[in-house]
Each structure stands twice: as C-alpha cells, then as structure tokens.
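Following: one structure in structure tokens, then a few remarks.
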Amino acid sequence: MPTKPTIAVFAPNPVNLAKATAIAQQLNLPYFAPGQPYDFLLLIADQYIGIQSIRTPPTNPFYIDFLSAKLHYRQTQASLRKEALARAIGIKPQENPVIIDATAGLARDSFILASLGYNITLLERSPILHLLISDAIQRAAQDPIAAPIINKLHLIQADAISWLQNQHAANLLPHVIYLDPMFPERRKSAQVKKDMQVLQSLVGNDSDTEQLFAVALACAAARVVVKRPRLAPLLTKRLPTFQLIGKSARFDIYITR
Ligand SMILES: C[S@@+](CC[C@H](N)C(=O)[O-])C[C@H]1O[C@@H](n2cnc3c(N)ncnc32)[C@H](O)[C@@H]1O
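With the sequence shown counted from 1, adding 394 to any position gets you the numbering used here.
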C-alpha cells in the first residue's frame, strides 16, 4: 500500500459503542461513517479487538489469540533445546536474563519465549498493534493455563530507539535485545501469511532498522539477536558472531560484551 492506510473504529454491537468511541479518541482515529473509503476497520467486538481490511476483497477480522490451536501446538512442541529462538537467546530462563523484544509485532515470538519460562519486555511503537497485543494479553490472562505465561509478558508502547537510548543513559542495560523488523520482500512473497500482510499494511516497512540495530548493539549487555528470512541479506555490513538457520527464518547473533 503506497500511502498510509485509512482506518476507522467500529463497534458492530452497539453495547461496545462507548468503548469504541473512547478508543477512537485515544488513537486519534475517526469512528466509522458509512460511505467513507476506509482501508481498515478497527473492530471493537464482544470477544476481541481486531482489524479487518474492507478493501476489495475484504478479509476476515484478524485479532491476536494466544489461545489459538496453532500457537498452543507450537508452544507444546517448543523446548529450550529445540526452539532456535531460545538457542539464539543463549541464556537459560533460570538465570533471569532481562530480554527486550524491541519489535513486538503480533507478539508471537515473545509468547513462545514466555512459554519457555522467560520474562520479556515487549516494545511496540504502533498504537494499533499495541492495542491488539494488549487486548490479547487481557483475554489470555483469564485462562488459568495461559495466565502464568501471559504474566511474563510486559508490554510497553514505545519507539524502541528512544526507549533503549533512555535505558542506556540510565545505565540499565538489558542482557538480550531481540529484533525482528519488517522485511520488505515479505510483501512480494506468495507465501506471506494473511496476518503478516495485515501487519505490513498497517505499519509499512521499518525504514529506521539500522539505527535501531546500532542502539541495540550499544545497549545489550550480552547479545543482540536479529531474525531475518532465511536467505535475506544481513541487516548491516557488520557480521554476526554466529547464525542459527531454520527452515524459513534465520537468527543472526551478535555477541556484544
Ligand atoms: C515483523 S514485526 C515483528 C513480529 C514479531 N516478532 C512476532 O513474533 O509477531 C515488526 C514489528 O516491529 C515494530 N517496530 C519496528 N521498529 C520499531 C521500533 N523502533 N520501536 C518499536 N516497534 C518497532 C513494527 O511496528 C512491527 O509491529
């Protein structure tokens, strides 16, 4: 999508109107008016807050669901040894590393790490993504089995560049900083999953990734982990200390100290 998408807030059920109006105000978005050419609706539904493309063809509403069968399966299969992301983190959860997921997105990677026992601070700069994650966290926290995992996720709406710069200035250095910025070519791939397409249309490409990487390198007390598509070029000219290469993704690990 070449220009910024237009988004309106909409409550299909009028009982959610007050909540929807408050969210519209908070995010500085219009409330739905019929006949306007919106790209997306931010749906304030009974059971979830979601996003729906209403361009042709319209999509089904999308929302983050930490209780979904797919995530549940992945979570039950994950182990510290098998999960490449955990190996990339390189410090055991029992050692209580401070981990920052500086590009939270749909929070799936953070959820997997939390289910392996890590506490994670998630940074997301898009107010809409932040709202979707926050809603998913609130819903999943009601589930007695998911709650102990969900309680390990600490979500902050912030631009990671300035947030990390502030941490650095205060000498609060996290052990690991995880970066999974948008990768431009994902847009062209036929295999791009629907939810990733939605995410990409909402936030566009991350054009300041090099700056984020530089700040992360200065800040991380142990390592910076960068997720890339398996065959993608390195994020910058700096060579990683080592790589872990999976079926579709690759982790480039930069040991910092
Ligand atoms: C590809 S997605 C991450 C997907 C995520 N790893 C997951 O498992 O769902 C990238 C996200 O990083 C966010 N992002 C990029 N740069 C950021 C920054 N400097 N500060 C905060 N969020 C950022 C984008 O808004 C986008 O939501």
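Each residue gets a CB set at the ideal place from its N, CA and C atoms; glycine is no exception.
Bridge-paired residues (DSSP) for residue i
i, result
"D602", "D602 pairs with nothing; no bridge assigned."
"D537", "According to DSSP, which records beta bridges pairwise, D537 is partnered with nothing at all."
"D529", "According to DSSP, D529 bridges with nothing at all."
"R350", "What the structure shows of the chain is the stretch from 395 to 651, and residue 350 is not part of that stretch, so it cannot be assessed."
"A402", "L435"
"I544", "DSSP output for I544 lists no bridge partner at all."
"F456", "I445"
"I417", "Its beta-bridge partners do not exist; DSSP assigns none."
"I550", "L517"
"I570", "Note that residue 570 is Val in the sequence shown, not Ile. Answer is I493 and R617, bridged to V570."
"Y425", "V403"
"I649", "R617"
beta-carbon residue i near ligand 1 non-hydrogen atom, thresh 8 Å
i, result
"E518", "yes"
"S621", "Reading the sequence as shown, one finds Lys at residue 621 and not Ser. It does: the Cβ of K621 is within 8 Å (strictly closer) of some heavy atom of ligand 1."
"S462", "no"
"I555", "yes"
"T635", "no"
"D537", "no"
"A496", "yes"
"P575", "yes"
"A534", "no"
"T603", "yes"
"L500", "yes"
"A552", "yes"
"V570", "no"
"S504", "yes"
"L606", "yes"
"V597", "yes"
"D646", "no"
"L435", "no"
"D352", "Nothing about residue 352 can be read from this structure; the chain reaches only from 395 to 651."
"L549", "no"
"L510", "no"
"L593", "yes"
"L629", "no"
Cβ distance (whole Å) where residue i is taken to contact residue j below 8 Å
i, j, result
"S595", "P399", "6 Å"
"D602", "R622", "Not really, about 17 Å apart at Cβ, beyond 8 Å."
"L500", "L573", "The Cβ separation is near 15 Å, so there is no contact."
"I417", "F434", "About 14 Å separates the two Cβ atoms, so there is no contact after all."
| field | Complete runs of the alpha helix (DSSP H) confined to the region 486-523 [at least 4 residues] | value | 502-509
| message | Closer than 8 Å is the cut-off here; do at least three beta carbon pairs connect the region 608-619 with the region 446-460? | response | no
| task | Evaluate contact between the region 494-509 and the region 464-481, counting only Cβ atoms and requiring at least three cross-stretch pairs below 8 Å. | result | yes
| request: Determine contact between the region 480-500 and the region 533-540, defined as no fewer than three beta-carbon pairs at a distance below 8 Å. | output: no
| Touching by the beta-carbon criterion (3+ pairs, under 8 Å), the region 560-568 and the region 479-490 | no
| said: Within 8 Å, do at least three Cβ pairs link the region 403-413 to the region 436-448? | reply: yes
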